[in-house]
Amino acid sequence: RSPFRRDFFSSFILFCVVFFPKISDFINRPLLAEHTPYYRNVFWKSMKAKEESKIERGDIMDNLLKLKNEQKENGNSEF
């Protein structure tokens, strides 16, 4: 199942957001609203698994974990 609807209006909105990002400020329509909880859940599960495994691959998840841990050490809890 695709996270993007394939009707004309949704395709046009996606086109505008990708090729004319300033226009997206005026278009108040979320592209992935109904799928956001799924992707958020996948992200946080991946972060937790990566943190528990302590295996470093040099990917973006490693960088995000480093940032998270640095913020904890500095007393910031915004992550």
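Going left to right, the sequence shown walks through residues 95 to 173 as the working numbering numbers them. By construction, the Cβ of each residue, glycine as well, lies at the ideal position given by its N, Cα and C atoms.
Closer than 8 angstroms by C-beta to L159: which residues in its own chain qualify, once you throw out the five before and the five after it? Chain order, please.
Numbered from 1 along the sequence shown, position 65 holds the residue referred to as residue 159. For L159, where only same-chain residues beyond five positions count, the Cβ hits under 8 angstroms are M141, K144 and E145.
Measure the CB-CB distance between D156 and E150 and report whether it falls below 9 angstroms.
Numbered from its first residue, the sequence shown carries residue 156 at position 62. Numbered from its first residue, the sequence shown carries residue 150 at position 56. Taking 9 angstroms as the Cβ cut-off, D156 and E150 qualify as a contacting pair.
DSSP on D156, reduced to helix/strand/coil?
Looking up residue 156 in the sequence shown gives position 62. DSSP places D156 in helix when its eight states are reduced to three.
Quick one: using the 10 Å Cβ neighbour count with 16 as the cut-off for buried, is I107 buried or exposed?
Locating residue 107 in the sequence shown gives position 13, where the first residue counts as 1. So I107 ends up on the buried side.
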